[in-house]
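Below you'll find the structure, written out as structure tokens, and then a few comments.
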Amino acid sequence: MIQVMSSNTETSKGYNFAYLDEQTKRMIRRALLKALSIPGYQVPFGAREMPLPCGWGTGGIQVTASVIGPADRLKVIDQGADDTTNAISIRRFFKKVAQIVTTEKVDEATVIQTRHRVPETALIEGQILVYQVPQPEPLRGIAPRQIESRKLHAYAEYGAMQVTLYEDVARFGYIARIYEYPVMVNGRHLMSPSPIPKFDNPKMQNNPAIQLFGSGTEKRIYAVPPYTSVRSLDFDDHPFEVQKWKQSCAFCGSGTSYLDEVITDDRGGRMFVCSDTDYCAKRRGAQPGTSEVAGSPAGATAGSSS
Amino acid sequence: MTVVAAMSDIHSGFRDPVLDSQDAFRTVLSCNAYPGRTFTLSRSVDGPSPFCIATAALCLTLLDFETLVWLEDEVRTDKIVDWLTFHCGSPLTKDHREAQFAIVANAQSIPSLLEFRTGEIESPELSSTLIVQVPSLVDGPVTRWSGPGIRDSICPRIGGLSAQLWLDREMTRELYPRGLDVFFTSGSSIVGLPRTTNVEF
Ligand SMILES: [Zn+2]
Numbered sequence: 090m091i092q093v094m095s096s097n098t099e100t101s102k103g104y105n106f107a108y109l110d111e112q113t114k115r116m117i118r119r120a121l122l123k124a125l126s127i128p129g130y131q132v133p134f135g136a137r138e139m140p141l142p143c144g145w146g147t148g149g150i151q152v153t154a155s156v157i158g159p160a161d162r163l164k165v166i167d168q169g170a171d172d173t174t175n176a177i178s179i180r181r182f183f184k185k186v187a188q189i190v191t192t193e194k195v196d197e198a199t200v201i202q203t204r205h206r207v208p209e210t211a212l213i214e215g216q217i218l219v220y221q222v223p224q225p226e227p228l229r230g231i232a233p234r235q236i237e238s239r240k241l242h243a244y245a246e247y248g249a250m251q252v253t254l255y256e257d258v259a260r261f262g263y264i265a266r267i268y269e270y271p272v273m274v275n276g277r278h279l280m281s282p283s284p285i286p287k288f289d290n291p292k293m294q295n296n297p298a299i300q301l302f303g304s305g306t307e308k309r310i311y312a313v314p315p316y317t318s319v320r321s322l323d324f325d326d327h328p329f330e331v332q333k334w335k336q337s338c339a340f341c342g343s344g345t346s347y348l349d350e351v352i353t354d355d356r357g358g359r360m361f362v363c364s365d366t367d368y369c370a371k372r373r374g375a376q377p378g379t380s381e382v383a384g385s386p387a388g389a390t391a392g393s394s395s
Numbered sequence: 003m004t005v006v007a008a009m010s011d012i013h014s015g016f017r018d019p020v021l022d023s024q025d026a027f028r029t030v031l032s033c034n035a036y037p038g039r040t041f042t043l044s045r046s047v048d049g050p051s052p053f054c055i056a057t058a059a060l061c062l063t064l065l066d067f068e069t070l071v072w073l074e075d076e077v078r079t080d081k082i083v084d085w086l087t088f089h090c091g092s093p094l095t096k097d098h099r100e101a102q103f104a105i106v107a108n109a110q111s112i113p114s115l116l117e118f119r120t121g122e123i124e125s126p127e128l129s130s131t132l133i134v135q136v137p138s139l140v141d142g143p144v145t146r147w148s149g150p151g152i153r154d155s156i157c158p159r160i161g162g163l164s165a166q167l168w169l170d171r172e173m174t175r176e177l178y179p180r181g182l183d184v185f186f187t188s189g190s191s192i193v194g195l196p197r198t199t200n201v202e203f
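Chains as they are written, first to last, in the numbering used here: chain A, 90 to 395; chain B, 3 to 203.
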């Protein structure tokens with residue numbers, strides 16, 4: 090009854106489907122399951138060398154490679170845009186090693202790998218958002234050694250983090266941190282949201298999608314399950330606030346999206362435009378809506394929600 | 003008896019080990035992300051009896067030489083041991099207290115959940131994952147689950163479990179972030195129960 094392994098998944102180029110060998114994928118998959126079981130906790134994993142330079146999101150790529158399959162449509166964004174060098178390289182990589190169909194539309198994507206942004210378009214159940222994480226430890230700078238930060242997480246001793254943020258309040262009158270703003274996940278684990286703007290932090294909370302985080306250099310995987318509490322740290326007298334702009338997007342007129350300032354000429358001309366290019370294009374009507382993604386995860390058959 | 007003759011007695015694994023494991027993993031990932039919902043595998047596998055499709059698929063997707071496996075009496079048969087050894091290469095243990103994965107077909111004879119590995123305080127991921135095959139995922143006493151991955155609450159009706167199992171699990175929840183993660187299987191369907199889920203029974 091033994092059957093020969095089908096050959097269509099071993100490419101002639103000498104690497105496995107999605108580049109990683111099956112042993113590595115299984116190891117990462119087990120880590121991903123434990124990460125979902127302990128929201129916000131950093132699970133160590135045996136990261137592999139990837140054929141892309143450091144800083145190109147090798148952690149995120151390994152997570153994506155371990156979950157992605159032929160039925161997926163992959164979107165890759167860098168700072169909100171699909172057309173940056175980093176995003177193009179990663180998309181090309183998965184096209185080459187897994188023949189994956191790619192898209193720039195959030196509505197069509199089943200897996201979205203991101204660096205520095207959460208899409209403006211609301212995600213739905215079953216979608217997977219993979220964050221590239223350069224530095225997973227929110228307590229670095231507070232607990233200089235990894236062994237100490239592990240202890241602080243183990244006993245939920247996060248007072249020093251609060252003190253650090255409050256030093257901002259004492260110095261500036263507000264919390265100065267704009268990126269990588271620490272969050273408390275499921276009321277238990279302090280987590281770095283990766284270098285997204287704090288503008289995106291509220292999108293992580295109670296999101297219907299699955300959020301996975303990979304750091305290749307630090308060899309850590311962590312996760313935020315759907316419908317999970319993600320609270321940005323703050324103080325009673327200084328509640329958490331996101332950035333606001335006086336301007337609206339010069340292209341689509343959005344007054345609620347994250348805006349980038351763009352220099353338009355050498356005489357100091359400038360304008361503000363959406364950082365999320367897919368969202369902006371959709372609002373301008375440049376893309377006819379063609380969502381085929383079902384409203385529930387593939388395979389869901391039962392379950393009485395009440 | 004030649005090696006070839008012995009191998010021909012072993013049940014097959016995934017038809018396409020790479021793509022079938024990927025497909026099965028996504029189902030398992032959904033189970034852990036959305037606890038209490040029933041997810042059904044889209045691809046079949048003919049595992050050794052009494053493994054149902056879902057139990058066999060979970061083994062092929064998650065187990066290998068790095069995972070120490072404990073088999074409950076009903077599934078500790080020569081056929082299953084040969085199959086696991088051949089397809090997964092997993093080391094087996096007779097002591098459930100040290101197992102990384104525990105596979106159970108008769109939930110009534112499962113040892114107390116309090117005896118399984120719940121991980122270390124600084125490494126809560128070093129805990130047992132239980133694969134518990136049950137007679138039904140839809141025809142049992144009503145339970146109410148809430149927690150991460152669940153919007154409001156969900157009411158699974160898993161059959162074949164003892165009240166003691168729920169009581170013991172309730173006690174392991176006090177150890178959080180240590181704890182136990184469970185997959186219930188029946189036919190080709192799976193329900194995930196991570197340690198974070200609060201169960202009223
Ligand atoms: Zn715009």
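C-beta atoms are modelled at their ideal positions from N, C-alpha and C, and glycine is treated no differently.
The model shown is predicted, which means the values in this text are computed figures rather than measured ones.
Integer Cβ distance of residue 272 of chain A from residue 290 of chain A, believed to fall under 8 Å: 6 Å
Contact the region 124-137 of chain B vs the region 18-27 of chain B: 3+ CB pairs below 8 Å: no
C-alpha distance - residue 209 of chain A paired with residue 198 of chain A, whole-angstrom precision: 14 Å
Contact set, ligand 1 heavy atom to C-beta under 5 Å: A:338, A:340, A:341, A:343, A:363 and A:369
Contact list for residue 20 of chain B against chain A, beta-carbon separation under 7 Å: 98, 105, 106 and 111
Inter-residue Cα distance where the pair is residue 171 of chain A and residue 364 of chain A: 10 Å
is_contact[residue 405 of chain A, chain B] using C-beta, thresh 8 Å: Look at the range of chain A in this structure, 90 to 395, and you will see that residue 405 of chain A is not part of it.
Any C-beta of chain B under 8 Å from that of residue 275 of chain A: yes
Three-pair Cβ contact test at 8 Å for the region 84-101 of chain B versus the region 56-66 of chain B: yes
Per-residue burial, residue 354 of chain A [other beta carbons within 10 Å of its own, 16 or more giving buried]: exposed
Where residue 148 of chain A sits in the DSSP three-state scheme: helix
Limits of the unbroken alpha helix (DSSP H) element including residue 173 of chain B: 165-174
Per-residue burial, residue 46 of chain B [other beta carbons within 10 Å of its own, 16 or more giving buried]: exposed
Chain A contact residues for residue 198 of chain B, given Cβ-Cβ distances below 7 Å: Contact of residue 198 of chain B with chain A by beta-carbon distance below 7 Å involves 126, 128 and 275.
Buried versus exposed call for residue 43 of chain B [16 or more other C-beta atoms within 10 Å across all chains shown]: Burial call: buried.
Chain A within 8 Å of residue 151 of chain B, Cβ atoms only: True, the Cβ-Cβ gap to chain A drops below 8 Å.
Cutoff 7 Å; reference residue 178 of chain B; Cβ partners in own chain excluding five residues on either side: 197
Any C-beta of chain B under 8 Å from that of residue 317 of chain A: yes
Any non-hydrogen atom of ligand 3 within 7 Å of residue 263 of chain A CB: Absence of ligand 3 is noted for the structure shown, with ligand 1 being the only ligands found.
Where residue 167 of chain A sits in the DSSP three-state scheme: Residue 167 of chain A carries a strand assignment under DSSP once its states are collapsed to helix, strand and coil.
Beta carbon proximity, residue 249 of chain A to chain B, threshold 8 Å: no
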